[in-house]
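Colleague:
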Amino acid sequence: MKYEVDRNSKNEWYWRLRASNGKIIARSSEGYINRSDCLHSIKLVKSAYNAPVVG
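Note that the numbering used here gives residue 207 to position 45 of the sequence shown, counting from 1, and the numbers run on in steps of one.
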């Protein structure tokens with residue numbers, strides 16, 4: 163798996179998580195003005211990796 167960082171048509175930064183088979187399995191829910199904010203969002207997702215499943 164790998165995180166990809168890119169810009170959208172509004173020139174905002176976003177990320178997507180691509181599985182080893184090439185399919186996108188997650189993506190940012192918003193665009194970010196600053197690339198550093200986008201990278202911080204990836205860091206938050208990584209830190210929540212062991213979050214419990216509820217429901």
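Just so it is clear, CB atoms sit at the ideal spot from N, CA and C, and this is done for glycine as well.
Please state whether DSSP places Lys164 in a helix, a strand or coil.
Modeller: In the structure shown, Lys164 sits in a strand (DSSP, three-state: E or B).
Colleague: Considering only the beta carbon of each residue, do Arg169 and Trp177 sit closer than 8 Å?
Modeller: No, the pair does not count as a contact, with Cβ atoms beyond the cut-off.
Colleague: Between the beta-carbon of Glu174 and the beta-carbon of Gly193, is there less than 8 Å?
Modeller: It is a contact, given that the beta carbons lie within the stated cut-off.
Colleague: Take the Cβ of Ser203 as the centre, count every other Cβ of all protein chains shown within 10 Å, and call the residue buried at 16 or more, exposed below.
Modeller: Its Cβ being crowded by 16 or more others within 10 Å, Ser203 is buried.
Colleague: Mind checking which residues open and close the beta strand (DSSP E) that includes Ile204?
Modeller: Unbroken run through Ile204 is the alpha helix (DSSP H), 197–209; no beta strand (DSSP E).
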